[in-house]
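Each remark here refers to the structure printed beneath this line.
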Amino acid sequence: MKKAARKEYTLTIVIVVLCLLFFGLGVSVPLIFDRSSKQENTSEKEKFDAIYSLLTNEWYFSKDVEDLDQKLMEKAIEGMTDLEEDPHTQYFDLESAKAFSDTLEGSNVGLGISYFLNDQDQFVIRDVFLNSPAEQAGLKKGDIITDVDGLSCAESDSQKILKRIQSKEGKSIEIVYLRDGQSNTVKITPTEYDQTVVCMLHEDQGYGEIILTSFSEHSGEDFSKAMARLQKAGIKKVVLDLRGNTGGYLSAAVDIASSLLPGGSVIFQEEQKDGTTTSQSTNDDYGYVPMDQIVILQNDTTASASEALIGALRDNLTDKVVTIGTTSYGKGTEQTTVPFSDGTSIKYTIAKWLTPNGDSIHEKGFTPDIEVQPEDVSKISYTTSLEEETITKDTVHANASALQQFLKYLGYSVDRTDEYFSPASSEALKQFQSDNGLSPTGDCDPDTWQALKQKALLKYNEETLVSDVQRDRAIQEITK
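Here the sequence shown stands for residues 1 to 480, where the numbers follow full-length UniProt numbering.
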């Protein structure tokens, strides 16, 4: 009932808006027709110039816009690069150009770990990056950092601690951490590290594990070092985790594949605008380390260069490669970036890439050999634009489904998980609010929403640190 009412209300708004639109159009008709009569058979370029002139010289609100010329040109460029045929062609303003460049660079200053915060705001290490200060100091996955350079993690803001670490670049600091309940102290010197490769050896089980987070400038070099570790340990099997890796430089995919494929192997083909194709083969600068088995983990955000690597390994090492997880994203195009002197840039598509066998996975992705769905909680989605709204009981809300799924995951009793926030689920929310020092209203205000998300994320991080259904299946496959 309430959902139907909302539709009727929306229709009323549409009718009102249309009335206003026609009223406004009626006022402007003489001016519009007068101008258009003088612009018959104009080219698109002439039309652009005319609109630009109108907005700069006659637009009423032009007086309120700072740097009007620049803003109009920026908007025009953004519109010109917003193409439904190709979502991967983009114009980057100053801020987004820097962010994109930093992502591709792949380097950072710090300890060299990925982490999550536990319920005491201490840093729980999820991964330690290859050759980082943390790895050299002996820190491991699952260690809990409690103190940094005299600051207690439980008593200090996490952002303050991160800034303290970065401010100590090149200087030794003291780190206190827990491992198996025992407190340990170590000296670490924060430096620049590459945050794309994690390497773990499981010598007792006869396999190695390499996590690739992206394909950056130094990923090929670091991956080669990781493979050298496996070779030195006599390991001939590897789990390659590409989940969440959205890509990066295709040249990095070539470098990484060169450590896994014999010299002269084709990594991918490039199809140009005119239909001609060229082949990209292995890079002789990287030593080939033969593996008896490669198990690849992939998911729906495994994309672009990650998929190029999967295609290269599947086509060249068919009998040795097994893919596990869910269907990959399906981005089979190649982009290049052109920077401008003012710091902005454009990224545009220059080719399609094909697998060594000539197949395109664009908008299709790779179907895994063994499908393993992730934990249900990892698939929960919600609308960030509605996070600051209050969800009241007995109403329909776009985020009510996520709200009730989070409650269910945390062990509270809900009777449904759709977009209707039921009275029974409201009672469950009251219990959550009481358990977490919040006012037990049964309505999900922004503070409750944030607390609920944080609790669910913490539980998920703690559980997947120990057991990850997709990774567990990969280990089962490589050790059988």
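The C-beta atom is built at its ideal place from N, Cα and C for all residues, glycine as well.
All figures in this text were calculated on a predicted structure; none of them were measured in a lab.
Residues near residue i in its chain [Cβ-Cβ closer than 6 Å; skip 5 each side]
i, result
"D472", "none"
"V176", "T146, D147, T185"
"I267", "V254, A257, Q280, A312"
"F406", "L452, A456"
"M200", "E209"
"G112", "F129, S132, P133, A134, Y193"
"T337", "S345, K347"
Contacts around residue i, its chain only, beta-carbon distance under 7 Å, and the 5 residues preceding and following it disregarded
i, result
"Y412", "A428, Q431, F432"
"S381", "A402"
"D119", "L458"
"A424", "V414, D415"
"E419", "V396, H397, A398, A400, S401"
Burial state of residue i, where buried means 16 or more other Cβ atoms lie within 10 Å
i, result
"V254", "buried"
"A99", "exposed"
"A233", "exposed"
"L83", "exposed"
"Y207", "buried"
"M80", "exposed"
"D468", "buried"
"G24", "Because the pLDDT of G24 is 44, which lies under 50, any placement of that residue in the model is unreliable, and the number read from its coordinates should be weighed accordingly. Counting Cβ neighbours within 10 Å, G24 comes out exposed, since fewer than 16 surround it."
"V239", "buried"
"I173", "buried"
"N57", "exposed"
"F366", "buried"
"Q60", "Checking the displayed sequence, the identity of residue 60 turns out to be Tyr instead of Gln. When all chains shown are included, Y60 counts as exposed."
"N357", "exposed"
"K480", "exposed"
"E44", "exposed"
"S96", "exposed"
Closest by C-alpha distance to residue i, when choosing among the options
i, options, result
"D284", "L260, T191, F340", "L260"
"L250", "A351, I294, E209, Q298", "A351"
"G106", "S360, C199, F129", "F129"
"G247", "L104, Q476, A456, T392", "L104"
"T390", "P446, L212, G437, K45", "P446"
"I77", "K347, T384, D319, W449", "K347"
"I294", "I478, F48, D127, L309", "I478"
"A154", "F123, D180, D143", "F123"
"Y460", "S422, K408, T448", "K408"
"S224", "V197, G244, K236, K237", "V197"
"T213", "D241, A97, Y60, K75", "D241"
"H362", "G330, T337, E334, P374", "G330"
"L181", "K168, I144, L162", "Just to set this straight, residue 181 is Gly in the shown sequence, not Leu. Considering only alpha carbons, the answer is I144."
"P87", "T384, I475, E334, K45", "E334"
"Q404", "E388, S385, V377", "V377"
"V109", "G358, T344, A226, I188", "I188"
"K236", "R243, S43, G244, A226", "A226"
"T282", "N245, G263, G244", "G263"
"D319", "E46, D292, K140, T191", "D292"
"D202", "L230, S183, G220", "The sequence shown places His at residue 202, not Asp. Per the Cα distances, L230."
"T392", "D204, S426, D359", "S426"
"L139", "S156, G150, Y115", "Y115"
"Q476", "V322, L162, A50", "V322"
"T191", "E217, A137, S156", "A137"
"A303", "N245, S360, K273", "N245"
"S156", "L386, L117, Q205", "L117"
Beta-bridge pairing of residue i - partner residues as DSSP gives them
i, result
"Y420", "V396"
"T115", "Checking the displayed sequence, the identity of residue 115 turns out to be Tyr instead of Thr. Note: Y115 sits in a beta bridge opposite I125."
"D241", "I211, L297"
"F92", "S345"
"P133", "Answer by DSSP bridge pairing: none, since P133 is not bridged."
"Q280", "F268"
"L354", "Q269"
"Q70", "In DSSP, Q70 forms no bridge with anything."
"T448", "Answer is none; T448 lacks a bridge partner."
"T326", "Answer is none; T326 lacks a bridge partner."
"T333", "K352"
"I145", "F123, Y177"
"N108", "Y193"
"V338", "I346"
"G248", "F215"
"I391", "C444"
"V372", "None, per the DSSP bridge assignment."
Own chain, CB closer than 8 Å to residue i, minus 5 neighbours either side, in chain order
i, result
"V65", "K71"
"T326", "Q298, N299, D300, P368, E371, V372, Q373, P374"
"S62", "L55, T56, L68"
"T349", "D86, H88, T89, T333, E334, Q335"
"D342", "L94"
"G142", "V124, I125, R179, L465"
"N436", "A451, K455"
"Q269", "T277, T278, S279, Q280, W353, L354, T355, P356, G358"
task: Identify every run of the beta strand (DSSP E) within the region 150 to 231, keeping only runs that are complete inside it and at least 3 residues long; order them along the chain.
output: Within the region 150 to 231, the complete beta strand (DSSP E) runs of at least 3 residues are 173 to 179, 182 to 188, 191 to 194, 197 to 202, 207 to 212.
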